[in-house]
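Chemist:
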Amino acid sequence: MRSCLILLMAFVPIFTFAQDEFLYGTFPDGFMWGAATAAYQVEGGWDADGKGESIWDRMVHSDPGSILNQDTGDIAADSYHKYAEDVAALKETGVDFYRFSLSWSRLLPTGRVDVVNEAGVAFYNALIDALLANGVQPMVTLYHWDLPQPLEDQGGWLNETLIVPAFAEYAAFAFEAFGDRVKLWLTLNEPWVQAVMGYGNGGNAPRVVGSGITDYLSGLNQLKAHAEAWHVYNEQFRPTQAGQCAITLDVVWMEPKTQLALDIEAAERSLQFKLGWFAHPIFSLEGDYPASMKEAVARHSAEEGYPESRLPEMGEEWRLRILGTSDFFGLNHYTTSLVEHSVWPGTGTSFDRDQDTTQSADPAWPESSLGWLKVVPWGFRKALNWIKSEYGDVPVWITENGYADLGELQDLDRISFYRAYIDEVLKAVVLDGCNVVGYTAWSILDNFEWTQGYSQKFGLYQVDFNDPSRPRTRKESAIAYAQIISDNGFPQP
Ligand SMILES: *[C@@H]1O[C@H](CO)[C@@H](O)[C@H](O)[C@H]1NC(C)=O
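Right, here's the structure in full:
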């Protein structure tokens, strides 16, 4: 037995690609390269020309202490006025597409379609036309966390009878206004973050606190709203516009901390609570939430004396209505966690407690300037393989991946990050047969990093936030990314 093991260990490196070894090679022809932003993080012009108030406007103004250094997105990178410079940066980088989001309240100040802000429509028309004139395809996110405040005042993502029709109407409005030129649509960005932080632990706008209850409710309403928007596109717009409509989900790769069966199972359960919560209802064969998540929340709810599971039932009609409502799998990925099984002591109700896990980071992993963002490239390949094994051959479009630092122009750590992470995507495609069709760098330019304000920089282009004219300056990483794009990967030197 013992010699057998030694023999196996000796042979393993011959048959598998060593984890951190660099793979030279290129992506399939037609692989799509892009860069991304989101409206609240770059646009500024928070009340310009008839724009309504969003939940992020409300949060930064009513509770300035909630944002590091009391920063706000009032001006941000001023892309509302300087979008032509953003387009120039995208063109200089050589991207195929630009992923940006529409500010719902810039288009519809009350959130409903009966009041249209024509200046907002004109702004996005100008941006889309400038992109196309420069050979850059728009990829448009309908919703990147900036709910119109008037909708939040009526319960926001917790009010199904409000939000599901309101989002579907807004989606129809956007498809109608821009769908002649926009062929790549994303409904929601990272519903997990909006549910857990916006409507669970109170970290993000609208700062609702109700972990283990309201997070699950907002999650279900997001799934329903997404599905309705997709059906609107599928039935009313696809026949004439012929584009694609999808959702974008975020995954942290969950690596078992040990090889004990309990820890392996805990890591799997964490993936289901992270990605499966939203992916299983849409991309699996049978739909509905993942079984392990349903079981865990039901068991904790019973132990805590709730008459029924805090994870609201999807119901048969909605299970079928949500199933299959994404033309590709939008994926945001940044980092990895180590997961171990652990039953939390004491009592209480929370989303984290429901999972019976503890997450940590390996102290050997390189850090970024953001505490949660450890540099673990190999987790990316594992995540892509997990998606393939869970959901089959659905095309995956990586819609965000990037690195945070303090903003230097000689950003060599960002270059290392992109090379290593993109190389893991290459391995997933070339060695593992994962169906990845596109990659998006977060972000084309420095921007408002939510509650971290401007302290954290993700840009390929630097923005000077102390200068009223918000000048953009190309970083070393923009040059390196442009090279990767023009090589379509990493050809043998
Ligand atoms: C939920 O939305 C409906 C429909 O817009 C509205 O009548 C109702 O008052 C809202 N509920 C709450 C709690 O605001």
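Here the sequence shown stands for residues -18 to -1, 1 to 475, where the numbers follow mature numbering (1 follows the signal peptide of the UniProt record, and there is no 0).
Even glycine gets a Cβ: it sits at the ideal position worked out from N, Cα and C.
Only a predicted model underlies this, so the values are computations on that prediction, with no experimental measurement involved.
Within a Cβ cutoff of 6 Å, which residues of the same chain sit near residue 116, ignoring the five residues on either side of it in sequence?
Modeler: Cβ neighbours of residue 116 beyond the five flanking positions: 69, 73.
Chemist: Just how far apart, CA to CA, sit residue 46 and residue 434?
Modeler: Cα to Cα, the separation comes out at about 12 Å.
Chemist: Nearer than 8 Å: is that true of the beta carbon of residue 144 relative to any heavy atom of ligand 1?
Modeler: Because some heavy atom of ligand 1 lies under 8 Å away, the Cβ of residue 144 counts as near it: yes.
Chemist: Is it buried or exposed for residue 208, if we count other Cβ within 10 angstroms and need 16 for buried?
Modeler: The residue in question, residue 208, is buried, as its Cβ has 16 or more Cβ neighbours within 10 Å.
Chemist: Could you give the uninterrupted runs of the alpha helix (DSSP H) lying entirely in the region 266 to 342, keeping only those of 4 residues or more?
Modeler: Counting only runs of 4 or more, we get 273 to 285, 298 to 304.
Chemist: Tell me the rounded alpha-carbon separation between residue 365 and residue 372.
Modeler: Using only the alpha carbons, I get a separation of about 10 Å.
Chemist: Along the chain, where does the alpha helix (DSSP H) that runs through residue 82 open and close?
Modeler: No alpha helix (DSSP H) holds residue 82; the beta strand (DSSP E) holding it covers 79 to 83.
Chemist: Here's the rule I'm using: 16 or more other beta-carbon atoms within 10 Å means buried, otherwise exposed. How should residue 424 be labelled?
Modeler: Buried, since its Cβ has 16 or more Cβ neighbours within 10 Å.
Chemist: Nearest CA to the CA of residue 194: which residue from 469, 453, 329?
Modeler: Residue 329 is the option with its Cα nearest to residue 194.
Chemist: Verify the contact flag: residue 141, CB atom, against every heavy atom of ligand 1, threshold strictly below 8 Å.
Modeler: For ligand 1, at least one heavy atom lies less than 8 Å from the Cβ of residue 141.
Chemist: Using DSSP's beta-bridge definition, name the partner residues of residue 204.
Modeler: Answer is none; residue 204 lacks a bridge partner.
Chemist: So which of 274, 268, 162 has the shortest CA-CA distance to residue 222?
Modeler: Nearest C-alpha to residue 222: 162.
Chemist: Applying the criterion that 16 or more other CB atoms from any shown protein chain within 10 Å of the CB defines a buried residue, is residue 3 buried or exposed?
Modeler: Residue 3 comes out exposed.
Chemist: Run the proximity test for residue 32: is its beta-carbon closer than 8 Å to any non-hydrogen atom belonging to ligand 1?
Modeler: No; taking the cut-off as 8 Å, the Cβ of residue 32 has no heavy atom of ligand 1 nearer than that.
Chemist: What runs of the beta strand (DSSP E), each 3 residues or longer, lie entirely inside the region 222 to 268?
Modeler: Within the region 222 to 268, the complete beta strand (DSSP E) runs of at least 3 residues are 226 to 238.
Chemist: Can you tell me which of the three DSSP states residue 364 falls into?
Modeler: Note: residue 364 maps to helix in three-state DSSP.
Chemist: Can you give the Cα-Cα distance for residue 238 and residue 321, rounded to whole angstroms?
Modeler: In a straight line, the C-alpha of residue 238 is about 5 Å away from that of residue 321.
Chemist: Any chance the CB of residue 136 is under 8 Å from a heavy atom of ligand 1?
Modeler: It does: the Cβ of residue 136 is within 8 Å (strictly closer) of some heavy atom of ligand 1.
Chemist: If you check the beta carbons only, do residue 124 and residue 106 fall under 9 Å apart?
Modeler: Not closer than 9 Å, so no.
Chemist: Please state if the CB of residue 187 and the CB of residue 135 are separated by a distance shorter than 9 Å.
Modeler: Cβ atoms of residue 135 and residue 187: not closer than 9 Å.
Chemist: Below 8 Å on the Cβ atoms is my guess for residue 5 versus residue 412; work out the distance and round it to an integer in Å.
Modeler: About 7 Å separates the two Cβ atoms, so the contact holds.
Chemist: My assumption, with CB atoms under 8 Å, is that residue 151 sits in contact with residue 94. Please give the rounded CB distance.
Modeler: Residue 151 to residue 94, Cβ: 7 Å. Contact.
Chemist: To which residues of the same chain is residue 319 closer than 8 Å at the C-beta, ignoring the five residues directly before and after it?
Modeler: Result list for residue 319: 234, 235, 236, 237, 252, 341, 342, 343, in chain order.
Chemist: Given residue 438, which residues of its chain have a CB within under 7 Å of its CB, disregarding the five upstream and five downstream residues?
Modeler: Excluding positions up to five away in sequence, the list reads 351, 352, 386, 431.
Chemist: Pop quiz: residue 62 and residue 27 are said to be a contact at Cβ under 8 Å. What is the actual Cβ separation, rounded to whole angstroms?
Modeler: Confirmed, about 3 Å.
Chemist: Distance, Cα to Cα, residue 179 vs residue 192?
Modeler: C-alpha separation (whole angstroms): 10 Å.
Chemist: If you reduce the DSSP assignment to three classes, tell me which class residue 54 lands in.
Modeler: It is coil, neither helix nor strand.
Chemist: If you run the structure through DSSP and keep just helix, strand and coil, what is residue 425?
Modeler: Looking at residue 425 - three-state DSSP - the assignment turns out to be coil, as it is neither helix nor strand.
Chemist: Can you say whether residue -11 is buried or exposed, counting buried as having 16 or more other CB atoms within 10 angstroms of its CB?
Modeler: With a pLDDT of only 42 at residue -11, under 50, the local geometry of the prediction cannot be trusted, and no value is derived from it.
Chemist: Nearest-angstrom Cα distance between residue 468 and residue 436?
Modeler: So the alpha carbons of these two residues sit roughly 31 Å apart.
Chemist: Contact defined as beta carbons within less than 8 Å: I believe residue 443 pairs with residue 454. What is the distance between those atoms, to the nearest angstrom?
Modeler: About 5 Å; that satisfies the 8 Å criterion.
Chemist: For residue 71 versus residue 456, is the C-beta distance shorter than 9 Å?
Modeler: Closer than 9 Å, so yes.
Chemist: In angstroms with no decimal places, state the Cα-to-Cα distance between residue 156 and residue 166.
Modeler: Spanning the two alpha carbons is a distance of roughly 12 Å.
Chemist: For residue 465, does the count of other Cβ atoms within 10 angstroms reach 16, so buried, or fall short, so exposed?
Modeler: The residue in question, residue 465, is exposed, as its Cβ has fewer than 16 Cβ neighbours within 10 Å.
Chemist: Are three or more beta carbon pairs between the region 289 to 300 and the region 196 to 213 nearer than 8 Å?
Modeler: These segments touch.
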